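One structure is given here, and the rest of the page talks about it.
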Amino acid sequence: GQQLNQSPQSMFIQEGEDVSMNCTSSSIFNTWLWYKQDPGEGPVLLIALYKAGELTSNGRLTAQFGITRKDSFLNISASIPSDVGIYFCAGQRYGDDNYGQNFVFGPGTRLSVLP
Amino acid sequence: DAGVIQSPRHEVTEMGQEVTLRCKPISGHDYLFWYRQTMMRGLELLIYFNNNVPIDDSGMPEDRFSAKMPNASFSTLKIQPSEPRDSAVYFCASSLLATQYFGPGTRLTVL
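Top to bottom, those sequences are chains C and B. 50 is the number that my numbering gives to position 50 of the first sequence; each next residue is one higher, with no gaps. 61 is the number that my numbering gives to position 61 of the second sequence; each next residue is one higher, with no gaps.
In structure tokens form, the structure reads like this:
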């Protein structure tokens with residue numbers, strides 16, 4: 001089935017540093033989504049991207065929808081301790097009766113922020 | 001809006017017992033998804049509904065798992081009989097378009 005690859009799998013950074021992570025696929029997606037999951041909670045939507053090349057910001061977060069529609073990246077600037085968590089990318093593709101199988105989650109990037 | 005509501009938040013049960021997980025989606029959303037999350041397998045889609053109708057249950061691991069959505073505001077995921085390997089966090093999510101909104105999850109432990 002379709003799979004998303006996320007890199008890095010985990011990262012340790014110092015508070016104040018910028019963070020960059022990406023998500024790639026062998027398949028084309030119409031929508032890319034980035035979620036953050038805190039311990040003991042469900043994933044929370046951070047940014048949604050609907051158009052190839054789109055660059056969207058949400059506070060210190062910036063995400064881009066790759067031109068090839070097969071990748072996306074997420075940047076976090078000036079990291080703070082509350083940025084700790086698991087960041088998931090998800091891709092969704094339209095035009096298929098089977099909506100669910102066209103919504104795929106990546107394995108996540110685990111971010112740790114050291115004070 | 002209260003968001004997606006799941007209950008219970010934690011469930012501990014013994015092998016062989018029946019477990020029922022509950023979900024109330026966001027009002028107006030027409031899709032509802034059930035996911036399972038484990039360290040080994042990450043987030044797995046189990047089943048999803050559109051307008052209360054099950055569309056794809058190919059992710060349901062075994063016949064021991066069943067899900068229902070009797071109306072637009074309520075869904076259940078049932079495991080009968082439960083087994084230790086069913087221990088995981090089960091999430092419900094709902095959506096109107098592409099963006100899924102997740103509930104807080106139910107952490108299930110089967111002893």
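Just so it is clear, CB atoms sit at the ideal spot from N, CA and C, and this is done for glycine as well. Fair warning: this is a prediction, and the values are worked out from it, not measured in the lab.
Given 7 Å as the limit, tell me if F29(C) has its C-beta closer than that to any heavy atom belonging to the ligand GDP.
With respect to the ligand GDP, the structure offers nothing, as it holds no ligand at all.
Buried or exposed for S79(C), please, with buried defined as at least 16 other CB atoms from any protein chain shown within 10 angstroms of its CB.
S79(C) counts as buried, since no fewer than 16 other beta carbons sit within 10 angstroms of its beta carbon.
Can you confirm whether the segment 8 to 19 of chain B touches the segment 33 to 41 of chain B when touching is taken to mean that 3 or more C-beta pairs between the two stretches lie within less than 8 Å?
no
Please tell me whether Y90(B) has its Cβ less than 8 Å away from any Cβ of chain C.
Y90(B) is outside the set of residues whose beta carbon lies under 8 Å from a beta carbon in chain C.
Based on DSSP bridge pairs, tell me the residues matched to T20(B).
K78(B)
I think E15(C) touches V84(C), with their Cβ atoms under 8 Å apart; what is that distance to the nearest whole Å?
Rounded, the Cβ-Cβ distance is 10 Å, inconsistent with contact.
I want to see whether chain B comes within less than 8 Å of L111(C), judged by CB atoms only; does it?
no
Any chance you could list the alpha helix (DSSP H) runs of at least 4 consecutive residues sitting entirely within the segment 14 to 58 of chain B, in chain order?
none
Less than 8 Å between CB atoms is the rule here; does F105(C) satisfy it with respect to chain B?
yes
Using the rule of at least 16 other Cβ atoms within 10 Å of the residue's Cβ for burial, across every protein chain shown, is V104(C) buried or exposed?
buried
Under 8 Å, Cβ to Cβ, is there at least one residue of chain C near F65(B)?
no
Chain B partners of A48(C), CB-CB under 8 Å?
A98, T99
Using the beta-carbon count (16 or more within 10 Å), is F91(B) buried or exposed?
With 16 or more other Cβ atoms within 10 Å, it is buried.
For the beta strand (DSSP E) that N75(C) lies in, which residues bound it at each end?
71 to 76
Are the beta-carbon atoms of R60(C) and I86(C) separated by less than 8 Å?
no
Considering only C-alpha positions, which residue in the set N52(B), L108(B), P104(B) is nearest to G83(B)?
First, the amino acid is wrong: residue 83(B) is Glu here, not Gly. Considering only alpha carbons, the answer is L108(B).
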